[in-house]
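Notes follow the structure.
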Amino acid sequence: MASNTMNKNMTSLLESLNTTLSQILTGVLKGKYSAKAIEALQSEAAQEKLATLIKENMPVKIVHKSKKLKKDPEQPKRGCSSYIFFCKDARKQVKDMHDDWKATEVTAEIGRIWREDMTDEMKAPYIEQAAADKARYLEEMKDYTPSVERLAEVASHASDSEGSKKKRKPGPKRACSAYIFFCKEMREKVKEDNDDMDAKEVTSELGRLWREEYKDDSKLNKPFVKAAKKDKKRFEKEKAEWVDPEPVSSDAEYGDEAPAPAPAVKKSKKSSKKKSNKKKSNTESGDESERD
Numbered sequence: 001m002a003s004n005t006m007n008k009n010m011t012s013l014l015e016s017l018n019t020t021l022s023q024i025l026t027g028v029l030k031g032k033y034s035a036k037a038i039e040a041l042q043s044e045a046a047q048e049k050l051a052t053l054i055k056e057n058m059p060v061k062i063v064h065k066s067k068k069l070k071k072d073p074e075q076p077k078r079g080c081s082s083y084i085f086f087c088k089d090a091r092k093q094v095k096d097m098h099d100d101w102k103a104t105e106v107t108a109e110i111g112r113i114w115r116e117d118m119t120d121e122m123k124a125p126y127i128e129q130a131a132a133d134k135a136r137y138l139e140e141m142k143d144y145t146p147s148v149e150r151l152a153e154v155a156s157h158a159s160d161s162e163g164s165k166k167k168r169k170p171g172p173k174r175a176c177s178a179y180i181f182f183c184k185e186m187r188e189k190v191k192e193d194n195d196d197m198d199a200k201e202v203t204s205e206l207g208r209l210w211r212e213e214y215k216d217d218s219k220l221n222k223p224f225v226k227a228a229k230k231d232k233k234r235f236e237k238e239k240a241e242w243v244d245p246e247p248v249s250s251d252a253e254y255g256d257e258a259p260a261p262a263p264a265v266k267k268s269k270k271s272s273k274k275k276s277n278k279k280k281s282n283t284e285s286g287d288e289s290e291r292d
């Protein structure tokens, strides 16, 4: 898309340059000399040289990508869900059975097995593993303290991110849905357990997990639904209390004082009476002419 735009701009610039040079040559040279010069200018070799010159000197837009904050190697690893523990066991088996499948197809099949083939009794060991891993994470987090360097790195990254983001419209931040809270919580886990997936595939996997495992399961989605309700109340409260510091008024274009509305024009009774008398006079004169 960008290259097409650049090619169009270059073609347009080349045409303008040819027109300008032709006008200059016509004004400076006379007769056949002017025609020969323009003919030489429009030759294939000359046009290629001009095109190369334009291309080499066209400004290039540089896009700066924000650097991703690296994970602190000292921070305890988050606890895995029961489904993630199951994925670790099942992935190799599914990949061996379907060695021509893509990563997304393997992940979809694992999800189907968990959802359709696994009984509560079969899921129990993985649920126990998840509970133990969560307890391990919470215990390790008690002893974890980020280093001064790490805190400075986090603060610097937050500052850079704020600078690169588009300016948000004034007013309270909108409430997040249960699914958004779910993604915030689960994204790192899915990335860690599916290191062969790119960002797009991770997002797809999050959507699949939510849709097939969490959305209709009140026990699994409870913390995310609860967080969404709380955030909605926060937004409604902030919205009710918020006052726009720069309200847009219909009078803004006139400054502090808007022009007064023009007074309504009232029809005078005297004018109406004159019109009535004139109409009556015309009628009478018409009657008299008919008599004559």
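For the sequence shown, the residue numbers in UniProt numbering are 1 to 292.
Beta carbons are placed, not taken as given, at the ideal position from N, Cα and C, and that holds for glycine.
Nearest by alpha-carbon distance to residue i: which of the options is it?
i, options, result
"Arg174", "Lys142, Lys200, Lys123 and Lys232", "Lys232"
"Lys88", "Gln47, Glu192 and Ala227", "Glu192"
"Glu188", "Cys80, Glu74 and Val148", "Cys80"
"Leu69", "Asn18, Cys183, Lys92 and Val154", "Val154"
"Pro76", "Met97, Gln47 and Thr145", "Thr145"
"Ala199", "Ala103, Ala240 and Ser147", "Ala103"
"Ile38", "Asp196, Thr19, Trp242 and Val243", "Thr19"
"Leu209", "Glu236, Ala132, Phe224 and Ala108", "Ala108"
Can you list, in chain order, the residues of its chain with a C-beta nearer than 8 Å to that of residue i? Leave out the 5 residues immediately preceding and following it.
i, result
"Ala260", "Residue confidence for Ala260 is low, a pLDDT of 49 falling below 50, so the modelled location carries little weight; the figure read from the coordinates is stated next. There are no such residues."
"Glu213", "Tyr83, Gly111, Trp114, Arg115 and Leu220"
"Phe86", "Ile110, Trp114, Met118, Lys123 and Tyr126"
"Ser204", "Thr104"
"Lys239", "Gly171 and Pro172"
What does a CB cutoff of less than 6 Å around residue i pick up in its chain, not counting 5 residues either side in sequence?
i, result
"Val202", "Val190 and Lys191"
"Lys95", "Val106"
"Glu48", "none"
In angstroms with no decimal places, state the Cα-to-Cα distance between residue i and residue j.
i, j, result
"Gln42", "Ile54", "16 Å"
"Glu44", "Ser12", "17 Å"
"Asp216", "Tyr179", "12 Å"
"Glu253", "Lys71", "Its pLDDT being 42, under 50, Glu253 is placed unreliably in this model, and the value from its coordinates should be taken loosely. Answer to the nearest angstrom: the Cα atoms are 51 Å apart."
"Ala90", "Pro245", "57 Å"
"Met97", "Glu185", "32 Å"
"Asn194", "Glu15", "53 Å"
"Gln93", "Glu56", "55 Å"
"Ser147", "Glu139", "19 Å"
"Ala46", "Thr52", "10 Å"
"Ser218", "Met197", "29 Å"
Just to confirm, is the Cβ distance from residue i to residue j under 7 Å?
i, j, result
"Arg78", "Tyr137", "yes"
"Leu151", "Cys183", "no"
"Ser177", "Ala227", "no"
"Trp242", "Gly171", "yes"
Cutting at 7 Å between CB atoms, please list the residues of its own chain near residue i, excluding the five before and the five after it.
i, result
"Leu17", "Leu50"
"Lys134", "Gly79"
Please check if any C-beta of chain B sits within less than 7 Å of the C-beta of residue i.
i, result
"Ala152", "Any reference to chain B falls outside this structure, which holds one protein chain only."
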